[in-house]
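Next comes the structure, spelled out in structure tokens:
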């Protein structure tokens, strides 16, 4: 099946720093990728849709200046959490659609101290 | 906007017992997808149902899509400890987006 990778798997950072998370589709091209956030024991909440060659589309309530998304190529999207705060600590997961199925990356656990 | 709801939120079962989770959408769906997320892992695609009234089986798992294409269920027969995890249903939105249900967390006592 299709494979999506994420890097890093986990990161611990100090409050105020920026953290960059990469999402790659390894064996297929994805003009669209999705970024989700998941808090413990909760469902996945869509943050934004990353579009190759154009601006990302953000869900209501998600600050675009705080969560910068860049879809650099047909296989890579990055999410940068700028000036991270402890409340940004969460599990961030990307997904890429291939035909009708969403393939999820393994996720990135972010802990902001 | 579209809402997808799942019940129950949590379910504890004894190993060998059956388990069912129910999914309801506020709108008619073109298809419904089911995902499983193991503790500490990421969601993994299980199946997609497209046709009204469709029933599909994967070993001990039975998936059903309602006649009105607004609800679905996942039934596990004779649960095993390997079934532990959270099961999500998801319905498509515009542009390949998925709206996920809240998930049902299954815990199996050996």
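Protein chains in written order, with our numbering: chain A, 6 to 118; chain B, 419 to 528.
Note that CB positions come from ideal geometry on N, CA and C, so glycine has one too.
None of these values were measured; they are calculated from a predicted model.
What residue range does the beta strand (DSSP E) around residue i cover?
i: residue 12 of chain A; result: 9-12
i: residue 509 of chain B; result: 503-510
i: residue 387 of chain B; result: Outside the displayed span of chain B (419 to 528) sits residue 387 of chain B, for which this structure offers no information.
i: residue 117 of chain A; result: 113-117
Reducing DSSP to helix, strand and coil, say where residue i ends up.
i: residue 445 of chain B; result: coil
i: residue 92 of chain A; result: helix
i: residue 62 of chain A; result: strand
i: residue 495 of chain B; result: coil
With a threshold of 8 Å between beta carbons, is residue i in contact with chain B?
i: residue 83 of chain A; result: no
Answer with buried or exposed for residue i, where buried requires no fewer than 16 other C-beta atoms within 10 angstroms of its C-beta.
i: residue 77 of chain A; result: exposed
i: residue 38 of chain A; result: buried
i: residue 450 of chain B; result: buried
i: residue 31 of chain A; result: exposed
i: residue 506 of chain B; result: buried
i: residue 483 of chain B; result: buried
i: residue 463 of chain B; result: buried
i: residue 436 of chain B; result: exposed
i: residue 22 of chain A; result: exposed
i: residue 40 of chain A; result: buried
i: residue 460 of chain B; result: buried
i: residue 527 of chain B; result: exposed
Does residue i come within less than 8 Å of chain A when only Cβ atoms are used?
i: residue 515 of chain B; result: yes
i: residue 519 of chain B; result: yes
i: residue 466 of chain B; result: yes
i: residue 461 of chain B; result: yes
i: residue 506 of chain B; result: yes
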